[in-house]
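As given, the protein sequences belong to chains A and B, one line each in that order.
Numbering-wise, the first sequence is residues 8 to 398 according to this note's numbering.
Numbering-wise, the second sequence is residues -18 to 395 according to this note's numbering.
Just so it is clear, CB atoms sit at the ideal spot from N, CA and C, and this is done for glycine as well.
Below is one structure, written out as structure tokens, with a few remarks after it.
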Amino acid sequence: MNFFILSIIKAAVVASVLLTTLAYLQWVERKVIAHIQVRLGPSRVGPHGLLQPLADVIKLITKEDLIPPYVNKFIYLLAPFLAVTMALISISVIPFGGEIQVLGQRTWLQLTDLNIGLLFILAISSMGVYGVALAGWASNNKYALLGGLRSSAQMISYELPLSLAIVSPLLLSNTLSLRQIVDTQSGSILHWNILRFPAPQIVSFLVFMIAAFAETNRVPFDLPEAENELVAGFHTEYSSMKFAAFFMAEYANMVTVSCITATLFLGGWQPLFPAAWGSNFVPAAVFAAGGLVAIYHGLNPARRRDRLTLPIVGVIFLAIAALFLIPLLQQALIPLFWFAAKVGVILFVFIWIRGTLPRFRYDQLMGFAWKVLFPIALINLLVTGLLVALS
Amino acid sequence: MGDADIPGVTVVQPESPAEPQETEAPGPRRMVLNMGPQHPSTHGVLRLLLELDGETIVSAQPDIGYLHTGIEKEFEVKNYQQGVTLTDRIDYLAPLSNNLCYCLAAEKLLGLEIPPMAQWQRVMLTELTRLNSHLVWLGTHAIDIGAMSVFLYCFREREDILRIFEMYSGQRMMTSYFRIGGLALEPPRGWHKRIKDFIDVFPSRVDEYEELLTSNGIWIGRTKGVGFISLEDMLDWGVTGPMLRAAGLKWDTRKTQPYSSYDKFDFEVPTRTENDVYARYLVRIEEMRQSARIIQQALAGMPDGRWTADAPHVVLPDREKMKTQMEALIYHFKIVTEGFRVPAGEVYQVIESPRGEVGYYMVSDGTAKPYRVHVRGPSFGNLQAIPEMVKGTLIADVIASIGSMDFVLGDSDR
């Protein structure tokens, strides 16, 4: 019985945190891109536009839900549902932290630990293609059709280097369970798969990241929705929440892929260096430093309204820093901090690239997958296998 | 028609023009894609009928005319000075180039001598216009190919230029600052410093764009070898401007047929021989640097003197003179009420606009209104190269190719 209650609670927490993250990821993206592009980004709804995601959700929900004529209604309605479901499911096998004890119950900071967790994620992400491809096909729109075709070809092609890039760290960890993969990387940064003896997986990390960009349809691989060519690509005919579903699916995919990257290559929730060297105090120190900086700027404000807002933010940060020092919470919060930090850095890279690079052409994209990424991933796999076997 | 005159706004005419004849019905494997007139990358209201085999273009038919405004006809009911305001609306990204060409044509008919100060100012302003236009081109071209940030960097600089325009004329885009016989007003105080401040930092900004694009592998992959059309075809279709220079032909009317004392400035005409989208990009980037050079020279050697020609029957007198001198008052009355008469004759004036050769063919019958004004818009000639250029390429190449043409539909439809 306890298992079910715990699972439900965990699922509820993970779902709500994930959905909020998705909404705010969009806000972060808009802010970061805006600052890359010398503008302000959302700034009207709430302080620094912090309520913008809320406004967007309200707007999208209240929009008219159009179904264009001559579409295949069943598939047209199924597609966004499929896309968003498949995008959200994979989070269930990601470990966010180690084993903790809550009210006498021992549990893992993970929804479920499948012994084939990684295969499960690969299978689910392959299913995600259906959402996009079916949307393009069912919309009865030429742009959508081209977008759907492009994305199915693209996602299937990039699945290969992606899988091959995943296999090499598996050779090091020798398990498919994500929890055990993280456990084998414990110690310090030198034990993470990306730098691990005997076969550092830097190459496969890069291949994985590139393929992940393609899998999630992000710049420079955003051809399926290349708005300057295909208007909006596969979701041209979608409006209201159905459009939002695709939007959410894209961001959920980004988060999932970042989580997998962190888990596979960057040691998951393992800290940068062992707790014996004081890594437990890093989160508190980071937040405290942030809080002090905010308070300092609040006392010497650049703008008038900063005199109020920045000290408040500073105090909040100091409070969070204090939370990290409470021994009872430490067991849960510190792994979460490291995990969130790693995922955050990867997500930032996603956004950063979007502000910088142009877009590939369709044939270049396919050529890149088959002629460059695939051989590199294959060679890397062979070398890794050799090194692992020799050591 | 009045609606379509809103600057920068492209208005789709409600009545759709006749469907262009398709030469053959598409086969079972072909798909006809109607790109535009409402499409994010057709830069206004260009309509392209693409026949596709997969994503490969079998044939492309450009369909223009959605922005037809009847400007050429309208010239005939306006007197000469009023016509200047119409020229702004033809190419709304390079209004001053069109102003200049129109004024030069009328001045040629009138036989006016323009004082050096006005000429220098004109050169400076048309070069600023070139920067303005090239910046819009670079921004939109880059965003078409997916480089989003370049767009906003370009518009940051364009904003500076528009502020400079606003400073002297009160208008950001449709300035109508050039008048037949010189300039509309004396340049305001502090204006030269404003331009100098801008032009001193501008080359470093061009470096910024180049850092993002010129050696970027994806950018090169998307643009190199794309959009080729032979030089002979270009000349046959009447393609001009940077496109021609990217094909290796050093043809720039600023050098070959100097006007408005361009011959007194020291600048290079950049050319490339690759004749692809990348070459056109490099040519335009280099043109921006050369324009900055010209503006710096114009600022350094700005002559003193009046900003209008000594032609009381054409140029409005000073307010001061008007209040004290009888003749000035009479001239003012005559010019304002009925305009000035232009000797009968015809003239063709051509200048180098940012897009290529813009030409004004003006026929006068001796009255105060032109008998006929025909505009040779560079965009029209350049657009004709589309079918040849995109045949056999991919949809993404179509976007890159039409981006590299830098057309303005107002200029081609008029």
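By the 8 Å beta-carbon criterion, what residues does the segment 27 to 48 of chain A contribute toward chain B?
Ile40, Ile43, Gln44, Val45, Arg46
Contacts that Leu375/B makes with chain A (C-beta to C-beta distance below 8 Å)
Arg368, Tyr369, Asp370
Which runs of the beta strand (DSSP E), 3 residues or longer, sit entirely within the segment 274 to 304 of chain A?
none
What are the start and end residues of the alpha helix (DSSP H) that includes Ser398/B?
Given that chain B is displayed from residue -18 to residue 395, the structure contains no residue 398/B and the question cannot be resolved.
Determine whether the Cβ of Val214/A lies closer than 8 Å to any Cβ atom of chain B.
no
Tell me which residues share the same chain as Asn287/A and place their Cβ nearer than 7 Å to its Cβ, disregarding the 5 neighbours each side in the sequence.
Gln337, Ile341
Short check: CB of Phe280/A to CB of Ile360/A, under 8 Å?
no
Rounded straight-line distance, which links the Cα of Tyr149/B to that of Met170/B:
Before going further, note that residue 170/B is Arg rather than Met in the sequence given. Cα to Cα, Arg170/B sits roughly 9 Å from Tyr149/B.
Would DSSP call Met406/B helix, strand or coil?
In the structure as shown, chain B starts at -18 and stops at 395, and residue 406/B therefore has no counterpart that could be examined.
For a cutoff of 8 Å on Cβ pairs, would you count Ala128/B as touching chain A?
yes
Residues in its own chain within less than 7 Å of Gly(-17)/B by CB, not counting five upstream and five downstream?
Model confidence at Gly(-17)/B stands at a pLDDT of 40, short of 50, so the residue's coordinates are unreliable and nothing is read from them.
Under 8 Å, with one C-beta from each stretch per pair, do the segment 200 to 220 of chain B and the segment 255 to 270 of chain B reach the 3-pair mark?
yes
Val24/A to Ala339/A, Cα distance in whole Å?
15 Å
Buried or exposed (CB count within 10 angstroms, at least 16 for buried), His122/B
buried
Select from the segment 197 to 221 of chain B all residues with a C-beta closer than 8 Å to any C-beta belonging to chain A, and list them in chain order.
Asn197, Ile199, Trp200, Gly202, Arg203
Can you find a CB in chain B that lies within less than 8 Å of the CB of Thr363/A?
yes
Please list, in chain order, the chain A residues whose beta carbon lies closer than 7 Å to that of Ala41/B.
Chain A residues near Ala41/B: none, gap ~14 Å exceeds 7 Å.
Using a threshold of 8 Å, state whether the C-beta atoms of Phe355/A and Val39/A are closer than that.
yes
Arg366/A, DSSP secondary structure in three states:
coil
Using the Cβ count rule (16 or more neighbours within 10 Å means buried), how would you classify His355/B?
exposed
What does Ile12/A pair with, by DSSP beta-bridge criteria?
In the DSSP output, where bridge partners are listed per residue, Ile12/A has none listed.
Count the other CB atoms, across all protein chains shown, that sit within 10 Å of the CB of Pro176/A; report buried if there are 16 or more and exposed otherwise.
buried
Among the residues of its own chain, which have a CB less than 7 Å from the CB of Met12/B, if the five just before and after it don't count?
Leu33
Answer with yes or no whether the minimum CB distance from Val(-7)/B to chain A is below 8 Å.
Caution is warranted here: a pLDDT of 48 is assigned to Val(-7)/B, below 50, making its placement in the model unreliable, and the coordinate value is therefore given only provisionally. Chain A contact via Cβ: absent.
At least one CB of chain A closer than 8 Å to the CB of Glu140/B: is that the case?
no
Rank Val226/A, Leu169/A, Leu85/A, Ser97/A by C-alpha distance to the C-alpha of Ile123/A and give the top, closest one.
Ser97/A
Does the separation of the CB atoms of Gly162/B and Thr289/B fall below 8 Å?
yes
Quick check: the segment 345 to 360 of chain B against the segment 44 to 60 of chain B, are at least 3 beta-carbon pairs closer than 8 Å?
yes
Cβ contact (3+ pairs, closer than 8 Å) linking the segment 137 to 146 of chain A and the segment 154 to 166 of chain A
yes
When DSSP builds the beta bridges, which residues end up paired with Leu375/B?
Thr37/B
If contacts are defined as beta-carbon pairs under 8 Å, then Ile45/B and Asp394/B qualify, I think. What distance do you get, rounded to the angstrom?
6 Å
Please identify, using Cβ separations under 7 Å, the residues of the segment 19 to 40 of chain B that lie next to chain A, in order along the chain.
His20, Pro21, Ser22, Glu36
Kindly identify the DSSP beta-bridge partner or partners of Asp44/B.
Arg28/B
Who are the Cβ neighbours of Tyr150/A in its own chain at under 8 Å, not counting the five residues just before and after it?
Leu237, Val238, Ala239, Gly240, Thr243
Measure from the C-beta of Met105/B to each C-beta in chain A and report whether the shortest distance is under 8 Å.
no
Under a three-way DSSP split, which group does Gly161/B fall into?
The question names Gly, yet the displayed sequence has Ile at residue 161/B. If DSSP states are grouped into helix, strand and coil, Ile161/B belongs with coil.
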